[in-house]
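Residue numbers (my numbering): 108 to 459.
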């Protein structure tokens, strides 16, 4: 909440329209600073499946539900608030996003102070011991706010969305400066959602939800838009057939993304649409917004100028060569996905 406290609810009860859910417990931070982002650590993390919070002043804290007030668990004896097991404040501005390594040993945080931080959770839990490597590493100042983050390429790359619309890419273990940059979004990239190790969805402040391939960099297609309202959060459903997006228009929209699955096959209704027969039942049922109808020539995306921009960059990504053997396979998969997006003419006639 805005006071800096975190309350947790029974999800099933909270989603029921027949009852008003009450908090099962509450974490009191005593900082009076609004929380900006929450993140669940995996089961294999050294801390266990705890959760992380980042607030408006750059403080990161890890919480254990069993130690919170109202949980009935044991009270901890430390200077930290009840439920908090680790805390650090290395950033000067709000925390915008979290992600973790595949083995759960490293926690990454992006911040609006234009830096990325990486914490070794194993060493953080044993502060009293001597470590040859630092517990926390921090990137150089990127001079551009980092607004979202995700780990890609089987843990070898970290991608951050920025205020200027560039996707900044780090190579794992080299945290000082970026190894690659992917320009093209006309406005800030506020949300990232990994589809697979080579592809992600981006939510931008121009309200457009895009499918993007990383190394080789490519815009695959546009999923939809929020009519110009900034997209703040993206998340798959449990079956990964739909993506929910939250925007400043106070709507949660659901997008059918079955075409992103490798085993996707068109159903009868979609085949009818391909032949030119209109069908509105699917979109009506899903509550999906109209498809994005801005042509490449009318937009400011600058995707066509991307190759020129990259030629001007003197950034050398030595890790790109490691991926060369798989580039043809990646291109084939995403070319198939791109073919599933409707052309501008198809979108135009669909809306008539």
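C-beta: ideal position from N, C-alpha, C; glycine also.
Rounded to the nearest angstrom, the gap between the Cα atoms of residue 320 and residue 293 is 17 Å. Our two residues, residue 246 and residue 369, have alpha carbons roughly 36 Å apart in a direct line. Burial check for residue 345: the Cβ neighbour count within 10 Å stays below 16, so the residue is exposed. For residue 244, the enclosing beta strand (DSSP E) starts and ends at 243 to 245. Beta-bridge partners assigned by DSSP to residue 320: 306 and 325. Take the alpha-carbon of residue 174 and the one of residue 160: they are about 16 Å apart.
Residue 260 counts as buried, since at least 16 other C-beta atoms from the protein chains shown sit within 10 angstroms of its C-beta. When the beta-carbon positions are compared, residue 311 and residue 329 stay at least 8 Å from each other. Secondary structure of residue 129 (DSSP, three-state): coil. In this structure, the alpha-carbon of residue 277 lies about 23 Å from that of residue 231. Residues of the same chain with a CB within less than 8 Å of the CB of residue 113, apart from the 5 flanking positions on each side, are 133, 134, 136, 142, 145, 160 and 170 in chain order. The beta carbons of residue 205 and residue 285 sit no closer together than 8 Å.
For residue 288, the enclosing beta strand (DSSP E) has its first and last residue at 287 to 289. Contact between residue 317 and residue 309 holds, with the beta-carbon distance rounding to 5 Å and staying under 8 Å. When secondary structure is reduced to three states using DSSP, residue 157 falls in the coil class, being assigned neither helix nor strand. In the DSSP annotation of this structure, the continuous segment of the alpha helix (DSSP H) that includes residue 228 starts and ends at 228 to 231.
Assignment of beta-bridge partners to residue 196 by DSSP yields 166. In terms of Cβ geometry, residue 263 and residue 274 do not form a close pair [threshold 8 Å].
Spatial neighbours of residue 365 in its own chain (CB-CB distance under 6 Å, excluding positions within 5 residues in sequence) are listed in chain order as 348 and 371. Going by DSSP, residue 207 is part of the beta strand (DSSP E) stretching over 202 to 207.
Taken atom to atom, the span from the alpha-carbon of residue 219 to that of residue 167 is near 14 Å. Take residue 252, set aside five residues on each side of it, and the residues of its chain with a beta-carbon closer than 7 Å to its own are 219, 221, 269 and 270, in chain order.
With contacts defined as CB atoms closer than 8 Å, residue 334 and residue 303 fail to qualify as a contacting pair. Here DSSP, grouped into helix, strand and coil, assigns residue 171 to coil. Checking the DSSP bridge columns, you'll see residue 360 partnered with 352. Here residue 227 has 212, 213 and 242 as same chain residues with Cβ atoms under 7 Å from its own Cβ, once five neighbours each way along the sequence are excluded. Residue 219: not part of any beta strand (DSSP E); DSSP gives it neither H nor E.
Here DSSP, grouped into helix, strand and coil, assigns residue 273 to coil. Per the coordinates, the alpha-carbon of residue 186 lies some 13 Å from the alpha-carbon of residue 195.
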